[in-house]
Amino acid sequence: MNVKLYSLVSLVLIYSSSSFSASILFESLKNPQSLRSVASTFVRGFATRSEDKGRFARATFDTSFKHMLQDPEVQLSFLRTFTDREDIVQVTPYPSSIPILRNKEKGQRHMDFACRIRSGDIFIAEVQVRREDHWDTRALYYAAGVYSQQLGEGDPWFMLQNVIGINILDHDSGTLTKPGDFEKHYMMMDQLHPDQSWPYIQIRQFELPRIRFDLLPEGPKKNWLKLFRESTKMDDVPKDFDPIIQRALSYLDRKRWGGELVSAYESEELDLSKYTTVLKEERDEGIAEGKRDIALKMLKRNRPMDEIIEDTGLSLKELNQLKER
200 MNVKLYSLVS LVLIYSSSSF SASILFESLK NPQSLRSVAS TFVRGFATRS EDKGRFARAT
260 FDTSFKHMLQ DPEVQLSFLR TFTDREDIVQ VTPYPSSIPI LRNKEKGQRH MDFACRIRSG
320 DIFIAEVQVR REDHWDTRAL YYAAGVYSQQ LGEGDPWFML QNVIGINILD HDSGTLTKPG
380 DFEKHYMMMD QLHPDQSWPY IQIRQFELPR IRFDLLPEGP KKNWLKLFRE STKMDDVPKD
440 FDPIIQRALS YLDRKRWGGE LVSAYESEEL DLSKYTTVLK EERDEGIAEG KRDIALKMLK
500 RNRPMDEIIE DTGLSLKELN QLKER
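Residue numbers (the working numbering): 200 to 524.
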């Protein structure tokens, strides 16, 4: 395997679980074509984007997402699109803190957006840029927390309403394998009778880096997904966007923002930049470790030194040092 592939796969290491060692990754991806395929998927979800200094803000930052969803009509379009529910005609605010009631000194966790519709169903929404090892459990925690806090003392059980979580993820979880597959819909199901399911708590996830727009039909969903993934690449509002989605994008126009909004957004940019710097340092160390592990295995198999040098990029001096271990 040519050493150039190590630089290609470096971004994969960034998004891999911290417990997933570089040596395991390199050992499992001996096929160069497989390595290129995996790496290219993760590259599309890399945490920093050179185009983030354009006209429109990154839609998957908390600051811009919350600002955009302050508009009631934008809320309706967003919810209808990402839940496939055309019956949503009116929304009312819902507490976005978990737990809803708690001693302030103990703190709370806050969701990006929460609302209730006329039927009683509750919707919560989260955007997430950075890949987290425990994102799924966090999403379930939020949804289950909202579900469990609906009733007050003495309230009847029939007052419980469904809770639907929407996750817009600006990273690849690494759990989907089919090309162009980017959407998940979680709901409890009877394993013995698959036709039986509980709709009470649902989570819908959309992994932006995995989207292939050439496979999507024209319509609001494609427009919304383009907004979330490509807002920073846009110089102007696309004319083919639905009018409400055009309005949603206009809220991301940083030229129209006040100082407080700009400050909050730049704080998120700085936080992401620091995070990426730390990951790069860990990535570089992981790559070096992976090369050494592969070289050791090749030495044990008595492979020619020039072959090991070509495949790992290590110098003759470094290989001699490994042999002396």
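Yeah, the Cβ is synthetic: ideal placement off N, Cα and C, and Gly gets one too.
- Comparing alpha-carbon positions, the option among ALA494, ASP439 and LEU350 lying closest to ILE508 turns out to be ALA494.
- In the DSSP assignment, ARG315 falls within the beta strand (DSSP E) that extends over 312–316.
- Taking 3 residues as the shortest admissible run, the segment 248–296 contains the following complete beta strand (DSSP E) segments, listed from N- to C-terminal end: 290–292.
- DSSP places VAL436 in no beta strand (DSSP E); its state is neither H nor E.
- Judged by DSSP in its simplified three-state form, ILE486 adopts helix.
- Remark: C-beta atoms of SER372 and GLU406 approach each other more closely than 8 Å.
- Looking at ASP510, LYS496 and GLY512, the one whose alpha-carbon comes closest to that of LYS522 is LYS496.
- Under the three-state reduction of DSSP output, TRP334 falls in the helix class.
- Between ILE316 and VAL345 a beta carbon distance of about 14 Å is seen, past the 8 Å cut, so the two are scored as non-contacting.
- Taking one beta carbon from each stretch, the segment 323–330 and the segment 352–361 have fewer than 3 pairs nearer than 8 Å; the two do not touch.
- For PHE264, same chain residues with a beta-carbon under 7 Å away, outside a window of 5 residues either side, are ALA258, ASP311 and VAL326 in chain order.
- Taking 8 Å as the cut-off, the beta carbon of LEU451 is found no closer than this to the beta carbon of PHE281.
- The Cβ neighbour count for TRP397, taken over all protein chains shown within 10 Å, is under 16; the residue is labelled exposed.
- A Cβ-Cβ contact shorter than 8 Å links ASN422 with ILE444.
- Burial state of THR262 is buried, judged by a 10 Å Cβ sphere holding 16 or more other Cβ atoms.
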